[in-house]
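What follows is a short report on a single structure.
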Amino acid sequence: MSARYVFGSSAAYLAVMIADRTANLLLFPLMTRILTPGDYGVILLIGNGGALINLLFGFSLAQALPTVFSSAGSEPARRAVCTTIMLSIAAIFFIVYLAVMLLSQEISIYFLHTAGYESAIALGALSYFLSGCSLCLI
Numbered sequence: 012m013s014a015r016y017v018f019g020s021s022a023a024y025l026a027v028m029i030a031d032r033t034a035n036l037l038l039f040p041l042m043t044r045i046l047t048p049g050d051y052g053v054i055l056l057i058g059n060g061g062a063l064i065n066l067l068f069g070f071s072l073a074q075a076l077p078t079v080f081s082s083a084g085s086e087p088a089r090r091a092v093c094t095t096i097m098l099s100i101a102a103i104f105f106i107v108y109l110a111v112m113l114l115s116q117e118i119s120i121y122f123l124h125t126a127g128y129e130s131a132i133a134l135g136a137l138s139y140f141l142s143g144c145s146l147c148l149i
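Numbering (my numbering), first residue to last: 12 to 149.
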């Protein structure tokens, strides 16, 4: 492994982390003015559900990566394995969070007995989808 590869990978990781922190900083005033404390609670519940989904699906695929990667014979095969696993993780996140966004009103009524948190559920689902995709880039 060359120094250029190590520094390039480190720079990519740093760029994703800086973009994440910058987005959090820029969105903080907007989020505190728009969302109520109840909305934050709903987003936290969505986050816990997202962590569970990540634990069941995304984490298992990510853990399979080193084993499958090392067994791949050539560099193109290794790239194909990485691409397939990362796209699979992103596709699973997309399907689940799209379903949550589309069913946000029903989820709000079923779990919280009011339709008032529909937008917070949809926003939380979008937030955790983007967070999951950014983790695929790291």
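Where a beta carbon is used, it is the ideal one built from N, C-alpha and C, also for glycine.
On a predicted model such as this, the values are computed, not experimentally measured, just so you know.
key: Three CB pairs or more closer than 8 angstroms across the stretch 124–136 and the stretch 36–56   = The stretch 124–136, when compared against the stretch 36–56, does touch it at the 8 angstroms Cβ threshold.
message = Distance check for Glu86 and Val79, CA to CA, integer angstroms please.
response = 13 angstroms
ask   = Just the Cα atoms here: how many angstroms apart are Leu63 and Ser99?
value = 17 angstroms
ask   = Which residue spans inside the stretch 46–84 form an unbroken alpha helix (DSSP H) run of at least 4?
value = 48–64 and 70–82
Phe122 classed as buried or exposed, judged by whether at least 16 other C-beta atoms fall within 10 angstroms = exposed
key: Pair within 8 angstroms by beta-carbon distance, Ala102 and Cys144   = No, Cβ-Cβ distance for Ala102 and Cys144 is not below 8 angstroms.
key: Buried versus exposed, by CB contacts within 10 Å (16 or more), Ala23   = Label assigned to Ala23: exposed.
Distance, Leu38 Cα to Ile45 Cα = 11 angstroms
Of the listed residues Leu76, Met112, Ala110 and Ala83, nearest to Ile96 (C-alpha basis) = Leu76
Terminal residues of the alpha helix (DSSP H) in which Ser119 lies = In the DSSP annotation of this structure, the continuous segment of the alpha helix (DSSP H) that includes Ser119 starts and ends at Ser115 to Leu123.
ask   = Going by alpha carbons, who is nearest to Gln74 out of Gly60, Val92, Phe105 and Ala88?
value = Val92
Cβ neighbour criterion (16 or more within 10 Å) applied to Ile54 = buried
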